[in-house]
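Anchor point for the sequence shown: position 64 equals 66 in my numbering, and the numbering is continuous, going up by one each time.
In this text, a Cβ means the ideal position worked out from N, Cα and C, and glycines have one as well.
Please read these numbers as outputs of a predicted model, since none were measured by experiment.
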Amino acid sequence: MELKNSREIPIGGKITKAGNAEEYNTGDWRTFKPVIDHGKCTNCLFCWMYCPDSSILVKDGKVTDVDYKHCKGCGICAEVCPRKCIKMEKG
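Written out as C-alpha cells, the structure is:
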C-alpha cells in the first residue's frame, strides 16, 4: 500500500466556516505575532494544519498571510514549520 502525502488526503472533519468565533477579534490578546518569510516558505501547509485559530490564510494551495484579528500568538505555526520561515516577533 502506497502512503499518500498531506496534499493527497481528502478533506474530512474540517470546519470550513468559523461559527460565531469570527465575530470576536482576539488578536489583541497577543504578545508575539507570527511573521512569514515567503521567500523561504515551501507551502507545506503545516502551519495552516496546526493553527488552533485558523489564522493562517491560504489561497490556491499557498500561504498568503496571517489573520491577525484572530491570531493569539501561540507560536505553534513557527514551531511546526520545517523550514523555520515563521518567526515570532513582538507585537
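Buried versus exposed call for residue i [16 or more other C-beta atoms within 10 Å across all chains shown]
i            : result
valine 65    : buried
aspartate 30 : exposed
glycine 63   : exposed
glycine 41   : exposed
glycine 93   : exposed
Residue nearest to residue i in terms of C-alpha spacing, selected from the options
i             : options                    : result
isoleucine 78 : Cys53, Thr33, Val60, Lys86 : Cys53
arginine 9    : Met3, Arg32, Glu24, Asn45  : Asn45
Close-in-space but distant-in-sequence residues of the same chain around residue i (CB under 7 angstroms, 5 per side omitted)
i             : result
alanine 80    : Pro36, Ile88, Lys89, Met90
tryptophan 50 : Ile58, Val60, Val65
Residue i - DSSP class collapsed to helix/strand/coil
i             : result
methionine 51 : helix
aspartate 67  : strand
isoleucine 11 : coil
Nearest-angstrom Cα separation, counted from residue j out to residue i
i             : j                : result
leucine 5     : isoleucine 13    : 16 angstroms
arginine 85   : asparagine 7     : 18 angstroms
serine 56     : cysteine 73      : 8 angstroms
isoleucine 11 : phenylalanine 34 : 32 angstroms
aspartate 67  : cysteine 43      : 12 angstroms
Proximity test, Cβ basis, 7 angstroms: residue i and chain D
i          : result
glycine 41 : In the structure shown, chain D does not exist; there is a single protein chain.
Contacts around residue i, its chain only, beta-carbon distance under 6 angstroms, and the 5 residues preceding and following it disregarded
i         : result
valine 82 : Phe48, Tyr52
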